[in-house]
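Encoded as structure tokens, the structure appears first; notes follow it.
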Amino acid sequence: MDGYRGARTALIVGAGVAGLTAATALARDGWQVEIAEAGPPEAPAGWGLCLTGPSLRALDELGLADSCLVAGYGMTTITQVDAGGKPADEVRLPRLIGARRPAMAGIARPVLHRVLYAEAERCGVVVRHGMTAAAVDQEGEQVRVRLSDRTARTVALLVGADGIRSTTRGLLGFEATPDYHGQMVWRALVPRPAWATGIHHFAGKAGTAGLVPLSDGQAYVFLTENGVERSALPDAALAPRLRQLLEAFPGRVEEIRSLVSESESVVRRPVLTMLLEGAWNRGNGVVLGDAAHGPAPQTASGAALAVEDGLVLAEEIGRHGSVGAGLKAFVRRRAQRCRTLVRTSVAIVGLEQARRHQEAYSLVDSCHRLLAEPA
Ligand SMILES: Cc1cc2nc3c(=O)[nH]c(=O)nc-3n(C[C@H](O)[C@H](O)[C@H](O)COP(=O)(O)OP(=O)(O)OC[C@H]3O[C@@H](n4cnc5c(N)ncnc54)[C@H](O)[C@@H]3O)c2cc1C
201 MDGYRGARTA LIVGAGVAGL TAATALARDG WQVEIAEAGP PEAPAGWGLC
251 LTGPSLRALD ELGLADSCLV AGYGMTTITQ VDAGGKPADE VRLPRLIGAR
301 RPAMAGIARP VLHRVLYAEA ERCGVVVRHG MTAAAVDQEG EQVRVRLSDR
351 TARTVALLVG ADGIRSTTRG LLGFEATPDY HGQMVWRALV PRPAWATGIH
401 HFAGKAGTAG LVPLSDGQAY VFLTENGVER SALPDAALAP RLRQLLEAFP
451 GRVEEIRSLV SESESVVRRP VLTMLLEGAW NRGNGVVLGD AAHGPAPQTA
501 SGAALAVEDG LVLAEEIGRH GSVGAGLKAF VRRRAQRCRT LVRTSVAIVG
551 LEQARRHQEA YSLVDSCHRL LAEPA
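Taken in order, the sequence shown gives residues 201 to 575; the numbers are from our numbering.
Below, the structure is given as structure tokens:
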């Protein structure tokens, strides 16, 4: 098959994990890439995330795993603690980027963002902040995009990487909205206790909690609240409410609870999932990352899927004679893996709501095994 020889101009909407990695992978293949990002230039604030083995493997393909490991906290074990405060299991995850490097890493979101952003810029990607796509028209092999600053771009490829609430999805003609599953998740930045050298999961009577190290000095607490209406709390109420919810957990969670002090470092978000059934592409436009398939956070796999998407997108477009054919091949290669992951994450949410934690853990484990397979 002929490799792609047409115009190599792309507009990506969204400078998150998927947008920045897709931009870097395309720019390295000679594409001129511009990103329209709705947010401000500062890296996003907030909690951290866990880069599991598949995330590190995909980042390693971009040459970025070591920067993430240096900036984050490398780990290999997940300790599961039962509702009585006793260790129930210790899972050792496979080291997908070699025996000498850790199986996964905790990393603060702004730190990951800086690593991805710096590489995209080094590859010549231009990021415009405070900007979004307002309208999309496709004519033959070209996509005309009107931006929110009233300028327009005509490009060979439009990528919607604007997250689970994507508006590019709608502009491309897809009708899909995220699902809410009656769970709210909490995150809080805390000093890392010396014993927290891996992930800890604590099963509680009404929810689950845990701790993920982010650096030598920092970790984040997570807690999942079950059976709650989707709602917002005033900022000042966040830390006191999280401390109250953590009271229900025995053992080490008491120590973690005492570390939750600042409301500014506490966030509470609805658990949303998103699955675009069928094709994710229309003509020369496509959505990827959470805009196409957002799993519940329990599987810690959204970032892996997002980085893999970027790599596979550039690979398939480079391999095919037209962008449209490359996009079809991209979706064919990605759809089943992402669909299984999202559906399994929804099943995990159901098991957690039913307080069947052991079964939920084994499904999380099956997600790790699935994603350990090559993308
Ligand atoms: C609480 C929580 C915890 C999580 N923990 C983990 C974890 O530990 N490990 C893991 O792998 N995954 C985790 N995830 C999932 C992970 O964060 C996502 O799967 C991943 O960030 C998806 O990347 P993305 O680039 O598709 O979307 P996002 O990271 O959401 O990025 C979207 C970008 O688009 C921008 N944007 C939004 N709308 C517009 C618009 N209209 N125009 C222009 N720009 C726009 C946003 O500002 C943002 O920069 C978690 C998710 C949540 C909610």
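Ideal Cβ placement from N, Cα and C applies to all residues, glycine included.
Reference residue i, options the options, closest by Cα
{"i": "residue 297", "options": "263, 285, 317", "result": "263"}
{"i": "residue 331", "options": "349, 338, 564, 324", "result": "349"}
{"i": "residue 276", "options": "291, 283, 369", "result": "291"}
{"i": "residue 469", "options": "261, 346, 256, 442", "result": "442"}
{"i": "residue 513", "options": "501, 526, 503", "result": "526"}
{"i": "residue 552", "options": "266, 425, 517", "result": "425"}
{"i": "residue 407", "options": "212, 421, 565, 448", "result": "448"}
{"i": "residue 560", "options": "569, 570, 568, 549", "result": "549"}
{"i": "residue 228", "options": "214, 244, 210, 446", "result": "210"}
{"i": "residue 261", "options": "405, 515, 494", "result": "515"}
{"i": "residue 488", "options": "208, 217, 203", "result": "217"}
{"i": "residue 498", "options": "484, 511, 472, 509", "result": "472"}
{"i": "residue 391", "options": "510, 429, 415, 543", "result": "415"}
{"i": "residue 404", "options": "413, 422, 412, 418", "result": "422"}
{"i": "residue 284", "options": "364, 402, 568", "result": "402"}
{"i": "residue 204", "options": "522, 366, 312, 319", "result": "522"}
{"i": "residue 509", "options": "361, 315, 377", "result": "361"}
{"i": "residue 459", "options": "483, 213, 411", "result": "411"}
{"i": "residue 336", "options": "240, 308, 369, 433", "result": "369"}
{"i": "residue 289", "options": "562, 566, 575", "result": "562"}
{"i": "residue 353", "options": "363, 519, 339, 490", "result": "339"}
{"i": "residue 505", "options": "278, 528, 537", "result": "537"}
{"i": "residue 287", "options": "540, 503, 558", "result": "558"}
{"i": "residue 365", "options": "357, 377, 431", "result": "377"}
{"i": "residue 394", "options": "270, 417, 388, 372", "result": "417"}
{"i": "residue 482", "options": "374, 503, 268, 237", "result": "374"}
{"i": "residue 214", "options": "543, 387, 329, 554", "result": "329"}
{"i": "residue 345", "options": "572, 490, 212, 547", "result": "212"}
{"i": "residue 372", "options": "333, 341, 351", "result": "333"}
{"i": "residue 493", "options": "544, 517, 518, 462", "result": "544"}
{"i": "residue 539", "options": "518, 491, 511, 524", "result": "491"}
Where the alpha helix (DSSP H) containing residue i begins and where it ends
{"i": "residue 391", "result": "From DSSP, residue 391 is part of no alpha helix (DSSP H) but of the beta strand (DSSP E) over 379-391."}
{"i": "residue 440", "result": "435-446"}
{"i": "residue 548", "result": "523-553"}
{"i": "residue 219", "result": "217-228"}
{"i": "residue 323", "result": "From DSSP, residue 323 is part of no alpha helix (DSSP H); its letter is neither H nor E."}
{"i": "residue 563", "result": "557-572"}
{"i": "residue 414", "result": "First-last for residue 414: undefined, no H or E at that position."}
{"i": "residue 368", "result": "368-371"}
Residue(s) in a DSSP beta bridge with residue i
{"i": "residue 449", "result": "Residue 449 pairs with nothing; no bridge assigned."}
{"i": "residue 409", "result": "402, 423"}
{"i": "residue 344", "result": "337, 354"}
{"i": "residue 210", "result": "233, 357"}
Start and end residues, beta strand (DSSP E) containing residue i
{"i": "residue 249", "result": "248-251"}
Any non-hydrogen atom of ligand 3 closer than 7 Å to residue i Cβ
{"i": "residue 261", "result": "Ligand 3 is not among the ligands present in this structure, which contains only ligand 1."}
| said: Please give me, in chain order, every unbroken run of the alpha helix (DSSP H) with length at least 4 that falls completely inside the region 261-313. | reply: Those alpha helix (DSSP H) runs which fall completely within the region 261-313 and span 4+ residues are 265-271.
| task | Jot down the residue ranges of each uninterrupted beta strand (DSSP E) in the region 464-510, minimum 3 residues, whole runs only, in chain order. | result | Taken in chain order, the complete beta strand (DSSP E) segments of 3 or more residues contained in the region 464-510 are 466-475, 485-487.
| Do the region 398-406 and the region 251-270 make contact, defined as three or more Cβ pairs closer than 8 Å? | No, they do not touch.
| query | Given 8 Å as the limit, is there contact between the region 451-460 and the region 469-485, that is, 3 or more CB pairs closer than that? | reply | Cβ pair count under 8 Å is below three, so no.
| message | Pairs of beta-carbons, one from the region 528-538 and one from the region 382-396, closer than 8 Å: are there three or more? | response | Flag = no, the region 528-538 and the region 382-396 do not touch.
| message | Count Cβ pairs between the region 218-227 and the region 318-328 that sit closer than 8 Å; are there 3 or more? | response | Touching, yes, given that three or more Cβ pairs across the two stretches are closer than 8 Å.
| field | Segment contact, 8 Å Cβ cut-off, at least three pairs: the region 232-249 with the region 310-321 | value | Yes, the region 232-249 touches the region 310-321.
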